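Colleague:
Residue numbers (full-length UniProt numbering), protein chains in the order written: chain A, 1 to 423; chain B, 1 to 423.
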C-alpha cells in the first residue's frame, strides 16, 4: 500500500494497563479500510517528552500521516496540542470562534442560565481547549475538545489530533477525514477491498494446510494480505487486496468453501449474531442457562430490536430453580446429575413451555474451577435445543480453558447450535 | 522511578484492530507493580523491518528492559526470535533440550502414540520454535513456545521475549522474572507501593476539586503518582508511590474518605464484585432482568463459587414472561408501562418468590436505540430490590450513551444497589 500511517495513543491510564485502549484498534481498522497501511501504533503516558520521542520516531519512519488520540481535555495533564505544536515548530493561537463554541457546549451541558458567570477554572479550561497551532485547522468538538488537522511540512507528515473518549473520537471521524490536510493524504491511498469469512469448528492447522495449498495453486495469492484470528471458537479470515486482485480472492474463497463447507458459516463476513437475528425473523426464542449464567440471553438481547424474537430466559443456577421453574424432573437430576443431556433437554423443553416460544436453547455444565465429577471434567457442557415440531436435540462438548473461557465458548456454541438448526 | 522499560506488542491482527491487545496492558501493570516505569508501548505487525525499527527506537530511549509479546509460533510469519537476535547481533542456535521439550508437549496434546512419526511440517515447526539466540536463556514453554531472556549488552538493554497467547504469557511470567537477565534489572527497581480506591457516583469535577485541595494541603502530595479512571459508572483512583511516602497517601485517603464517604465504597481496592460476594455469604440472591437481558446474572455468576449464593434468575424480556413467570400483574403493565417502578418492584418480588431467595434485584428499562416514550427517554431504567423482611425498594435512573453503555451502566448500578443495601 502506498500511503503509510502511524498512530500515537496517549494516556497514563492506557499505558499503565488500567484501561484497555479502544482508539488505536478503531482508527487502525478505519485507515486500513481506506487503503492506508498502518505501520506502527505507539502508546505513551501524559508526558510531553515521551510523546515528542514517539513523534520523532514515527516521522523518521517516513510516514504520510500520524494520528494521535487523547490528551485534549481541559486539565494540566492534557498536553497533546502544545506538544505536537512544539514538535512541528508551530505557535499555538487562541481561536475565539472555537472558544465561543466550547463555551456554548458547556453552558448547555451544565444547564447554566444565560447570565450565569463561568468560574475561573472553567474559563481557563475552555481557553486551553481553544488553542490551535498556527496554520492548522480546528475540527468542531463532538464533546468539548476540538480536533486539529496539521498539514504536512518538509519536516513532518500530516498530523491529525483526535480526542480520547471513544464516542467523541468516532463522532469526529467523518469531519476529520474531510479536512484538506487529511483528505490530501488519503487521496493517494490504494483502492483496497476488505473481505471477511467466518468459520466455526475449523482448526488452525487445517486452515493453515488449505492456505498452503492456496499459495501453491492460486497465481496472485501473494497479492492477498490475509490475517486469521481465533476468537470464541470461531476463526475470522480477513483479506485485504487491491481491487484488481479480486479474482484471486474469489479463487481463494472457492477453495476454502470447497474444503471447509461445513465450518464456514459466513462467506461474506456476517457475524453469527447477524445471521441468527435473520434466521429468527418470524420466530421466537427463549433460553435456559445454568453454567453460562445469563450470557446467552445477554448476547441475544445485545442487538437493537431483539425484543421482536427474544421472549426471555431462565437462569436456573440452582437445581431447585431447574425443578420448580423449568419443570426438570427431580429424579433426572438425582439419577444423572444436573450436567447431563436429559437434564439439558428438559431445561430446553421447560424454557420453551414457560416462555411460550418456538425455540429454546439450554446450557448446563461445569465452568470450573471446582465442581468436576468422574467422567465430567471441568469444561463439560451439555446443550439442549427444543424447536416446535421437532424432537428435542442434545449434545455434549468439553471446552478448554478457565471459567471465563468455558463460559464464553459455551455461549458461542449455543448460538451456533441454534443457527445451524435454523439454516 | 529508576528502572525504565518498554513493551513491543507484535501481531498483524492487533495492529490492524482485528483484536484488542491484552498483553501490553497486563505486562505494563505487572512491571509498574514491581516499581518499574513503563515509558513506551509500541505495536507492530508481523514485519521484521518494523519490529527492528521499534527495537532501535526503544533502545535509543535508554531503557533498561524491553519486553516483547507474540510472534513465537511455528509458522513463517512468527518472526520475533530471529528479528530480535539479528538486532542484538546474536546467532540463533537450535537448543536440543528445548526441541525435545516441545516435542513431548505436542505428542501429549495431540495424543500421539509413542511410535507415531511426526509429520515434516510439525518437525519443522518444532525446530523453528527451539531456536534460541546465543548467550540467551530459554524459558520453558507454557504452551508450545519457549520464552527467551537476553542479557543487556553495551548496545541494547535486557530483552524478554514472551509468547502471544495471554494465558501462556501469564503462566510464564513468574519463570520470566526469575531469569538472571531480568532479575538483575528488576533488582534496581524502586520499592513502590500500589494502592487503589473505588468510588461509585462520584463526578470527575468533584474528585478533581478534592485532589486540588489535597495538592495544597498535603505536603509530599507530589510523590504520589495518581491515575483516575472512569468505568461503568465507577471511578478507580490508583496511586503509586515509594514506600517512604506512605504517610502522604494515608493523608490523601483520609481527605478523600472525609469528602466523599458516600461515594467511596472500596477504600482498599476490592471490587464491587468482591464486596458483593462477601456480603452475600450466608444469603441467597435471584435476578429479574428486562433491559439488561441476563447481564446482571452473568456478572454475579462470573465468580467461582457463586453457586453458593446465586439461585438463578429470570430474563423477562417480553411482558408475557413478566406476567406468567414472575407474576407481575398484567394491569400494572397496561396502566403504567413495563418501565415503571411498580413493575420493577413486582419483578423483584416475583423473582424472590420464584427462586425462593433471600434477595432479588430487578431491572426494567429502555436500552435503546428505539422504544422511548414521553417522559421515559432512552436510558431510563427502573430497579427493584426485594430483601426478606424489608419493604421492596425501587429507584429510577437515566443513563447516557448507546444501547451497550446503558446496559453496562444499569448492570453496574444493580450490583451497587444490592451492595449498598447489604452493608
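In this text, a Cβ means the ideal position worked out from N, Cα and C, and glycines have one as well.
Here the structure is a predicted model, which means the values were calculated and not measured.
1) Below 8 Å, can you find three or more Cβ-Cβ pairs linking the region 274–283 of chain A to the region 264–281 of chain B?
2) Which partner residues does residue 194 (chain A) have in the DSSP bridge list?
3) Any idea what DSSP makes of residue 58 (chain B), helix, strand or coil?
4) Starting from the beta carbon of residue 13 (chain A), find every residue of chain B whose beta carbon is closer than 7 Å, and list them in chain order.
5) Given that residue 287 (chain A) touches chain B, what residues does it touch there, using C-beta distances under 8 Å?
6) Which term fits residue 432 (chain A), buried or exposed, when burial requires 16 or more other beta carbons within 10 angstroms of its beta carbon?
7) Pop quiz: residue 63 (chain A) and residue 186 (chain A) are said to be a contact at Cβ under 8 Å. What is the actual Cβ separation, rounded to whole angstroms?
8) Terminal residues of the continuous beta strand (DSSP E) containing residue 265 (chain A)?
9) Determine the chain B residues that contact residue 32 (chain A) at a beta-carbon separation under 8 Å, and present them in chain order.
10) Would you call the region 295–315 of chain A and the region 412–422 of chain B in contact, with 3 or more CB pairs under 8 Å?
11) In chain order, which beta strand (DSSP E) runs of at least 3 residues are fully inside the region 317–345 of chain B?
12) Any beta carbon from chain A within less than 8 Å of residue 41 (chain B)'s own beta carbon?
13) Within its chain, find whatever has a CB closer than 6 Å to the CB of residue 4 (chain A); leave out the 5 residues flanking it on each side and keep chain order.
14) Using a cut-off of 9 Å between C-beta atoms, extract the partners of residue 29 (chain B) located in chain A.
15) Count the other CB atoms within 10 Å of the CB of residue 297 (chain B); is the residue buried (16 or more) or exposed (fewer)?
16) Sort out for me which residues DSSP pairs residue 153 (chain A) with in a bridge.
17) On a Cα-Cα basis, can you pick out the residue from B:136, B:141 and B:387 that is closest to residue 93 (chain B)?
18) Under a CB-based cut-off of 8 Å, is residue 297 (chain A) close to chain B?
19) Pick out whichever of B:336, B:312 and B:272 has its Cα sitting closest to the Cα of residue 350 (chain B).
20) To be precise: take each residue of the region 315–340 of chain A, compare its Cβ to all Cβ atoms of chain B, and keep it if any distance is under 9 Å. Which residues remain?
21) Under 8 Å, Cβ to Cβ, is there at least one residue of chain A near residue 442 (chain B)?
22) In chain A, which residues lie with their C-beta within 7 Å of the C-beta of residue 112 (chain B)?
23) Please report the distance separating the alpha-carbon of residue 203 (chain A) from that of residue 234 (chain A).
24) Quick check: residue 378 (chain B) and residue 368 (chain B), are their CB atoms within less than 8 Å of each other?
25) Residue 183 (chain A) by DSSP, collapsed to three states: which one?
26) With the cut-off set at 8 Å, would you say residue 182 (chain A) and residue 149 (chain A) are in Cβ contact?
27) Judging by CA-CA distance, which residue of B:405, B:30, B:15 and B:336 is the nearest neighbour of residue 189 (chain B)?
28) Taking a contact to mean a Cβ-Cβ separation below 8 Å, would you say residue 75 (chain A) touches residue 8 (chain A) in this structure?
29) Got a sec: is the Cβ-Cβ distance from residue 173 (chain A) to anything in chain B below 8 Å?
30) For residue 88 (chain A), would you say it is in contact with chain B, using Cβ-to-Cβ distances shorter than 8 Å as the test?
31) So what does residue 133 (chain B) bridge to, in DSSP terms?
32) For residue 172 (chain B) and residue 256 (chain B), which I take to be in contact (beta-carbon distance under 8 Å), what is that distance rounded to the nearest angstrom?
33) Identify which residue in B:123, B:100, B:286 and B:87 has its Cα closest to the Cα of residue 461 (chain B).
34) Just tell me which of B:370, B:113 and B:102 has its CA closest to the CA of residue 123 (chain B).
35) What's the gap between the Cα of residue 79 (chain A) and the Cα of residue 61 (chain A)?
36) If the cut-off is 8 Å on Cβ atoms, which residues from the region 372–401 of chain B count as contacting chain A, listed in chain order?
Modeller: Once the coordinates are examined:
1) no
2) A:240
3) helix
4) 227 and 229
5) 294 and 315
6) Outside the shown range of chain A (1 to 423) lies residue 432 (chain A), about which nothing can therefore be said.
7) Actually they do not touch by this definition, with Cβ atoms about 13 Å apart.
8) 264–266
9) 16 and 17
10) no
11) none
12) yes
13) 37, 39, 63 and 64
14) 16, 17 and 18
15) buried
16) A:156
17) B:136
18) yes
19) B:312
20) 315, 316, 317, 318, 320, 321, 322, 324 and 325
21) There is simply no residue 442 (chain B) to check, as chain B begins at 1 and stops at 423 in what is shown.
22) Per Cβ cutoff of 7 Å: no residues; residue 112 (chain B) is ~14 Å from chain A at best.
23) 9 Å
24) yes
25) helix
26) yes
27) B:30
28) no
29) no
30) no
31) B:92
32) So it is not a contact: roughly 37 Å between Cβ atoms.
33) Past the edges of chain B, shown from 1 to 423, lies residue 461 (chain B), and the structure says nothing about it.
34) B:102
35) 23 Å
36) 401
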